[in-house]
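Peer 1:
6 protein chains.
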Amino acid sequence: MYFNDPRLQYPVRVDRPNPAFARALQQAIGGVEGEIRVCMQYFFQGWGARGPKKYRDMLLTTATEEIGHIEMLATAVALNLENAPISLQEEIAADPIAGSVLSGVNMKNILSSGLNAMPVDSDGIPFDMSHIYASGNIAADLTANIAAESTGRVLAVRLHNMTDDPGMKDMLQFLIARDTMHQNQWMAALEDMGGVQENFPIPNSHPQSEEKSEFAYTYLGFDRAGAPPVQGRWSEGPSIDGKGVFSSAPSEPMGEEPMLSPPRMGGGAQSGQMGAKSLIDKIF
Amino acid sequence: MYFNDPRLQYPVRVDRPNPAFARALQQAIGGVEGEIRVCMQYFFQGWGARGPKKYRDMLLTTATEEIGHIEMLATAVALNLENAPISLQEEIAADPIAGSVLSGVNMKNILSSGLNAMPVDSDGIPFDMSHIYASGNIAADLTANIAAESTGRVLAVRLHNMTDDPGMKDMLQFLIARDTMHQNQWMAALEDMGGVQENFPIPNSHPQSEEKSEFAYTYLGFDRAGAPPVQGRWSEGPSIDGKGVFSSAPSEPMGEEPMLSPPRMGGGAQSGQMGAKSLIDKIF
Amino acid sequence: MYFNDPRLQYPVRVDRPNPAFARALQQAIGGVEGEIRVCMQYFFQGWGARGPKKYRDMLLTTATEEIGHIEMLATAVALNLENAPISLQEEIAADPIAGSVLSGVNMKNILSSGLNAMPVDSDGIPFDMSHIYASGNIAADLTANIAAESTGRVLAVRLHNMTDDPGMKDMLQFLIARDTMHQNQWMAALEDMGGVQENFPIPNSHPQSEEKSEFAYTYLGFDRAGAPPVQGRWSEGPSIDGKGVFSSAPSEPMGEEPMLSPPRMGGGAQSGQMGAKSLIDKIF
Amino acid sequence: MYFNDPRLQYPVRVDRPNPAFARALQQAIGGVEGEIRVCMQYFFQGWGARGPKKYRDMLLTTATEEIGHIEMLATAVALNLENAPISLQEEIAADPIAGSVLSGVNMKNILSSGLNAMPVDSDGIPFDMSHIYASGNIAADLTANIAAESTGRVLAVRLHNMTDDPGMKDMLQFLIARDTMHQNQWMAALEDMGGVQENFPIPNSHPQSEEKSEFAYTYLGFDRAGAPPVQGRWSEGPSIDGKGVFSSAPSEPMGEEPMLSPPRMGGGAQSGQMGAKSLIDKIF
Amino acid sequence: MYFNDPRLQYPVRVDRPNPAFARALQQAIGGVEGEIRVCMQYFFQGWGARGPKKYRDMLLTTATEEIGHIEMLATAVALNLENAPISLQEEIAADPIAGSVLSGVNMKNILSSGLNAMPVDSDGIPFDMSHIYASGNIAADLTANIAAESTGRVLAVRLHNMTDDPGMKDMLQFLIARDTMHQNQWMAALEDMGGVQENFPIPNSHPQSEEKSEFAYTYLGFDRAGAPPVQGRWSEGPSIDGKGVFSSAPSEPMGEEPMLSPPRMGGGAQSGQMGAKSLIDKIF
Amino acid sequence: MYFNDPRLQYPVRVDRPNPAFARALQQAIGGVEGEIRVCMQYFFQGWGARGPKKYRDMLLTTATEEIGHIEMLATAVALNLENAPISLQEEIAADPIAGSVLSGVNMKNILSSGLNAMPVDSDGIPFDMSHIYASGNIAADLTANIAAESTGRVLAVRLHNMTDDPGMKDMLQFLIARDTMHQNQWMAALEDMGGVQENFPIPNSHPQSEEKSEFAYTYLGFDRAGAPPVQGRWSEGPSIDGKGVFSSAPSEPMGEEPMLSPPRMGGGAQSGQMGAKSLIDKIF
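Protein sequence lines, in the order shown, are assigned to chains V, P, E, U, R and G.
Under our numbering, the first residue of the first sequence carries the number 12, and numbering increases by one thereafter.
Under our numbering, the first residue of the second sequence carries the number 12, and numbering increases by one thereafter.
Under our numbering, the first residue of the third sequence carries the number 12, and numbering increases by one thereafter.
Under our numbering, the first residue of the fourth sequence carries the number 12, and numbering increases by one thereafter.
Under our numbering, the first residue of the fifth sequence carries the number 12, and numbering increases by one thereafter.
Under our numbering, the first residue of the sixth sequence carries the number 12, and numbering increases by one thereafter.
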């Protein structure tokens, strides 16, 4: 169950409203790297966490924090839109980025939301929940979270470098720091569960003796001329999960060319796919 | 540039066609954990790889392998649908899962594709390319790839455990082994780039001295009553990236309640939001 | 800013787990009538509320409640899936709905989430955030909320009538009661703002003297033979907003047939659309 | 069954073509507040209307009108794009909004449709039919229609205020007037069915004695410190549906912390979620 | 402008309601091969038709017909759902397809629409308008229409073969006949414009002398070993457009390996992509 | 199975990087007319091709070519973005299109991909796989392919005409030539299967004697006043498939007004739809 406080987690201040930056900030709300994604991802992972209770607690705790991050960013978008043009006749010169402001705003931030934030990305695409990765396997979920916080921090850094507004830079440095923690937090949870060697390959509940082990630690090349694939840490030495030794090799087909049966009568295919057209004519 | 061979990478054999399993296999083609996703993700990461050339080569090599995996699974779906009912009047008793086969098939596998695979998931949802994570930051991309191969292997194991068809089990054990390698491969690439401590927090090109460092290694609790958050590896000891020390604390709001300005005249809001209705009436 | 408590808002109990009912409950989580929708809708409306502060407070308060409803339903889905088949070989007889259980489950609830809830509807479609209506006009938002709670309560009633599990019925009667309140709450907020006559037509900040008033209170018929349209409260008497008198009439075209200019040279159209092909040949 | 007339319902005239305004008008075609939405919504509501025939007739009548509105807007978009640049080398100075025209146009209006309207919103997002609310409950449908016409009229007013083209203003004042009627029309239909007190809470066919009535008229607060929620018309006095009396109260959890069972063997979870890893090893 | 008649274009009769067939029929409404698609495609092509007026007229005429087809199918879905189970406790034996009916129905046809048609496909996916191909090039549009009516008639035939209900078969044979006409109609319109040789390659307004003509009529093979590609009508003889002669050849790369510049400072990439980490440290 | 070569199929050269053109090129990657679409369409058609093996071979061969086209375009996008602004403070004057560059770029090409290509269209919409038409009927698939290559070549021509960069024009003239071939190739494959008269109406395996033949070759008009529909090649003379003679006629309804039964008790409808409210009250 959840509770609220009308104040923000961290101050949000915009010194010089900039509608083009409002558009950019939308990516951190409704983009696939954004805060709705991590918020909902941690909630669904937590609500479905089976096994040790502490992971559920941690997931729901951080999910709760992320609502507050969406709130901060939604506030930042609204503040950046304060002076945005809402008419094609307004004085363009009054805008911080001369000459291209209306073009640079997501139209829906004007037409659909009345100069407020929306759950869309920087090109106006609504977030869709297929991006909520909650697999029922906690280690897999943690890798998804590390990835989400990595692209999330990349985005926050790009936004930080895009603006010179001191208020916005301050807010973003806070969010960047939280992403630092969250990257570390999910890696620490993985270590708490036993670390890479205990947990990989994910899922670790499948007996590796049954998989085709001759393909489990080989880096395969697919150069058309059979050249060996590019070498690196992945092509020799012990595997990262500690359960194999890397090797590498070019590939050759091991299977045959597939043969599907012809379409069935009545299946809506073309008669030429089933045999002679004249034959078909006779049948009907 | 790309080339083909009409044969499959690994043999695909279905001993007892099962339309319900065809439906399940669709998840491995067009699901967010599926092969179209990793194929396209590695391609776009590779085509956009800036920096050391070897990562581009490795990404495009494995992307090329993944086309062959989609092909194997598409073949498996078609073979499992060989005897599927295409009429509501067909003898249901002839089916492997008595009584519920037509219900258990994605209708589109009958109506739209003529008993073939489609680029959709196990509930018939078409794959959408927003799931292709290619951030321009190679370390972030690698974490996305580790995550993708983790959920991918979880899915392959679930599919393996769902069927008792020997041919399908054999194919899946091959794909499971390749997922083992690919998890290790992307972790090895991260190690090749310097490992966790060199690369985290991602991006490592943002000077950490500028982020709000007091929040960068603190696990924050959001218990309404101020209880300390659940403790673990993430709340004390050195951080995983080696650049901080974990601590934990309950949270309090640091910001104020946001104040947005009232809607502007002509902005399509309600007059009651702007001030007295009677005032509005006077203005117009 | 937001806080949590590990307990649920209201008890969730499943007496006889039923995977088919888990599928149905997904509609109340990720369907367009579901709880993610109202939760996110009230949050974005609240974060963007301009004008009297009390509406912002009320919106964020109820948004916060709705997170807890998603949590309750996610728990209910997981509990209903406790005994779901995860193999096509499992004994079907052990299931509450004999013969069709695996067919009746969303495959992704098995394959993608490990028998947990997902942010998808009852056919496995992920929720997408384009359904978050937050217009910047509070009265328009309130009508959207009345509508959302109306279809939401219809759904909850259908779910209630679909199950005979006492625990599930108890939980749903709680959610139905909350929907009763929320329908009333948004209507009360509209009354708080002055009621129907003060607020309609929405937006009330557009001077009605400027709209084409001869069409503003006329119910138009489009019967091909010019028959008068079906009569009712909408075709005579004072209008509901109190600003006009209803009438009705059949329609005739008032505009001309549109004439678009031919495609431009170099615009990728067919030469036959631009004029004679031979002419085109001469030009190039 | 449907028929057409080549003329428009109302004249569409563009005095000074403006590609940026064409982009904005797209929102009224393919946005969630747009005409495709209401057209298809009324059609599906009408085709599925069960009960008194007059509501079906009215729904299909107005649905038919809305096709003509899409047609008018599509014409307006095409006319506004007449002089749009189709080359990055064209003289930008010749455009009505100097300096930013090509940036301000949806690229697809040039590249995909050849300077014509598309069924997309102002940011180029295609309309999707999940926005067609047709619940089988006529009162719920009417609330959805009131909401749709409210956001629709807000949008039309914003578009009207964005342009200074006399032809476009004239067309929009016609559409604004029709939205005035349609808001009133759907409210009148609700009154025709007995009004708010007869119909709410929707659905009125669920016996309210069975719902948890202690929660049916209480405005719940979720302030973390237990402060009472903001007061208003929704917290005291008779409820709007006339069936209860409003009250308000802070909330406390009534349920327990949920306990899900551990993942099952073979379900693709991590061994650490199921118990000791060493145990798992013994089992396989 | 459009008009309606309350009667159907062709009688719709269901002799034995079958909810599973209702699900299948949804594909013909909201599937990509369905009637919403052709209806909206012809409307948008017509509204944007530039050039000879007769094509606009023909497109809008047939678009108008298609609304009536959606109406017929929506009626058929509702009639097939008349006796569908709405409770998990109802007698299953009363259903036409024993044992799997509820599983075989799209849940949303029960939960969201109250046993009515929805604008979704047979797996419950809402139609999205990105499938409306209206390119501004009439010949390209006609090829899209031929394709749409081809897959549409394949679908109608599959539906016809799936049912043994005489009423449904009668309706489908009408729709199949209309698809026969529409396939012919769009091919006839192409002939009306001058036929294949006049119109292909589409667009015919691009001077072929400028394209890389050595690749314009060559069937390229991509066999990894350089084997010649499979021969057929496409590899020798005059080209279908009459403007070239087919040949065939294996392919070799003509370009170089691409070299992208390293990521820029401040662009959020990894320092290892830009050069030495120590260098980066110095810069900041 | 598939193989790669690190070189490009054809040289990609950008003489003057132009971020606005990068945005336009995205349509050729992730637009519905783009290369991902044809690539995946030909792959799925090929993997599911039942009947003569040569069509499978041809489809997979050309699918393999199309991967290389995506690669070329992805390279072109990255090269056009080389100098794109990544900050709202950068000198705008340094850009090729003064004054509107940042507005003219898809924000995600900066924020999400680090100045690289993405699988999205020119307005940033991700490609979704519902556009992969693979029907199991080869003739229907070929018509879909002709259509895809027609809109594809229209797009390529528009892109060619939009730019004056010699490198980009050279690459596009190569792609335009390949589209010329592919249009011809799919038409040739149709001829190889017997041509229009052998294959139409598609599917040709449905006995035409069973369809309602009186509607199979009649061009129907829907003018509200009963005017005859516009005449052309489609209204008289032999049909294109050679199996009928065209005629034309205005339409009249042949069906009745549909009568649906009232909603069922417990189905969540309004009591007014089922009968008297007082009756309902008695029942419960």
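A virtual CB, placed ideally from N, CA and C, is assigned to each residue, including glycine.
With C-beta atoms as the reference, is Val116/R less than 8 Å away from Pro30/R?
Peer 2: Yes, the Cβ-Cβ distance between Val116/R and Pro30/R is below 8 Å.
Peer 1: Under the DSSP definition of a beta bridge, which residues are partnered with Pro261/R?
Peer 2: According to DSSP, Pro261/R bridges with Gly232/R.
Peer 1: Are any of the Cβ atoms in chain U nearer than 8 Å to that of Asn148/E?
Peer 2: At least one chain U Cβ lies under 8 Å of Asn148/E.
Peer 1: How long is the line joining the alpha carbons of Ser282/E and Arg48/R, rounded to whole angstroms?
Peer 2: If I take the Cα positions, the gap works out to 27 Å.
Peer 1: To test your reading of the DSSP string, which unbroken alpha helix (DSSP H) runs of 4 or more residues are found completely within the segment 73-155 of chain P?
Peer 2: You should have 112-115 and 118-122.
Peer 1: Touching or not, the segment 33-50 of chain U and the segment 83-96 of chain U, by the rule of three or more beta carbon pairs under 8 Å?
Peer 2: Yes, the segment 33-50 of chain U is in contact with the segment 83-96 of chain U.
Peer 1: Please confirm if the segment 135-154 of chain G is in contact with the segment 131-141 of chain P, defined as three or more CB-CB distances below 8 Å between the two stretches.
Peer 2: The segment 135-154 of chain G is in contact with the segment 131-141 of chain P.
Peer 1: What does the alpha-carbon distance come out to for the pair Ser246/P and Arg189/P?
Peer 2: Distance between the alpha carbons of Ser246/P and Arg189/P: 35 Å.
Peer 1: In three-state terms, what does DSSP make of Val207/R?
Peer 2: Helix, per DSSP.
Peer 1: If I measure Cβ to Cβ from Asp26/U and keep anything under 7 Å in the same chain, skipping five residues before and after, which residues do I get?
Peer 2: Closer than 7 Å at Cβ, skipping near neighbours: Asp176, Pro177 and Gly178.
Peer 1: So, for Ile81/G: in the same chain, excluding its five sequence neighbours on each side, which residues have a beta-carbon less than 7 Å away from its beta-carbon?
Peer 2: Closer than 7 Å at the Cβ level, and outside the excluded window around Ile81/G, lie Ile40, Glu46, Ile47 and Cys50.
Peer 1: Val43/E by DSSP, collapsed to three states: which one?
Peer 2: DSSP places Val43/E in coil when its eight states are reduced to three.
Peer 1: Contact criterion: CB-CB distance below 8 Å. Does His217/U meet it with respect to chain E?
Peer 2: Yes, because at least one Cβ of chain E sits closer than 8 Å to the Cβ of His217/U.
Peer 1: Hey, could you find the ends of the alpha helix (DSSP H) Gly253/U is sitting in?
Peer 2: Where Gly253/U is concerned, there is no enclosing alpha helix (DSSP H), given that its DSSP letter is neither H nor E.
Peer 1: Please confirm whether Ser282/G has its beta-carbon closer than 8 Å to some beta-carbon of chain P.
Peer 2: Cβ-Cβ to chain P under 8 Å: no for Ser282/G.
Peer 1: Closer than 7 Å, Cβ to Cβ, to anything on chain P: give me those residues from the segment 166-193 of chain U, in chain order.
Peer 2: Cβ contacts with chain P come from Val168, Arg169 and Asn172.
Peer 1: Just the Cα atoms here: how many angstroms apart are Arg275/R and Ser220/P?
Peer 2: Rounded to the nearest angstrom, the two C-alpha atoms are 20 Å apart.
Peer 1: Counting only the same chain and skipping the five closest in sequence on each side, list residues whose C-beta sits under 7 Å from that of Ala104/E.
Peer 2: Any reading at Ala104/E must be qualified, since the residue scores a pLDDT of 41, below 50, and its modelled position is unreliable; no value is offered.
Peer 1: For Val256/V, count neighbouring C-beta atoms within 10 Å of its own C-beta (all shown protein chains included) and say buried if the count is 16 or more, exposed if not.
Peer 2: Exposed, since its Cβ has fewer than 16 Cβ neighbours within 10 Å.
Peer 1: At 7 Å on the CB atoms, spell out the chain P contacts of Pro214/E, in chain order.
Peer 2: Near Pro214/E (Cβ distances below 7 Å), the residues of chain P are Gly279, Ala280 and Gln281.
Peer 1: Taking the alpha carbon of Leu166/E as the reference point, which residue from Val241/U, Asp203/U and Ala151/U has its own alpha carbon closest?
Peer 2: The residue with the shortest Cα to Cα distance from Leu166/E is Ala151/U.
Peer 1: Taking Cβ positions, are Ala74/V and Thr154/P nearer each other than 8 Å?
Peer 2: Contact: no.
Peer 1: Of all Cβ atoms in chain U, is any one closer than 8 Å to the Cβ of Tyr228/E?
Peer 2: So yes, Tyr228/E belongs to the interface.
Peer 1: Using the Cβ count rule (16 or more neighbours within 10 Å means buried), how would you classify Gln284/R?
Peer 2: It counts as buried.
Peer 1: Taking only beta-carbon positions, decide if Asp106/E is within less than 8 Å of chain R.
Peer 2: At Asp106/E, the pLDDT of 44 sits below 50, so the modelled position is not reliable; the number obtained from the coordinates is stated separately. Chain R contact via Cβ: absent.
Peer 1: Give the single residue among Gly57/E, Val43/E and Gly79/E whose Cα lies nearest to the Cα of Ser146/U.
Peer 2: Residue Val43/E is the option with its Cα nearest to Ser146/U.
Peer 1: Quick check on Asn29/R: does DSSP put it in helix, strand or coil?
Peer 2: Of the three classes helix, strand and coil, the one that applies to Asn29/R here is coil, per DSSP.
Peer 1: On the three-state DSSP scale, how would you describe Asn215/V?
Peer 2: Coil, per DSSP.
Peer 1: Considering Tyr21/U, what are the terminal residues of the beta strand (DSSP E) in which it resides?
Peer 2: It is not in any beta strand (DSSP E) - Tyr21/U carries neither H nor E in the DSSP assignment.
Peer 1: Using 8 Å as the limit for Cβ to Cβ distance, is Gly205/V near chain U?
Peer 2: Chain U, which has a Cβ nearer than 8 Å to the Cβ of Gly205/V, makes this yes.
Peer 1: Interface residues of chain E around Glu46/P at Cβ under 9 Å?
Peer 2: Correct list: empty, because the minimum Cβ distance to chain E is about 14 Å.
Peer 1: Reducing DSSP to helix, strand and coil, say where Gly248/R ends up.
Peer 2: Correct three-state label for Gly248/R: strand.
Peer 1: Please classify Gly279/E: is it buried, with 16 or more other beta-carbons within 10 angstroms of its beta-carbon, or exposed?
Peer 2: Classification of Gly279/E: buried, given that the 10 Å Cβ count is 16 or more.
Peer 1: Quick one: residues in its chain with C-beta nearer than 8 Å to the C-beta of Ser289/V, no 5 flanking neighbours on either side, listed in chain order?
Peer 2: Only weak support is given to the placement of Ser289/V: the predicted model assigns it a pLDDT of 49, under 50, and the value that follows is read from those uncertain coordinates. Cβ within range, chain order: n/a, list empty.
Peer 1: Whose C-alpha, out of Met270/E, Met265/E and Pro239/E, is nearest the C-alpha of Thr72/U?
Peer 2: Per the Cα distances, Pro239/E.
Peer 1: Could you tell me whether the Cβ of Ser272/R comes closer than 8 Å to any Cβ of chain E?
Peer 2: No, its Cβ sits nowhere closer than 8 Å to a Cβ of chain E.
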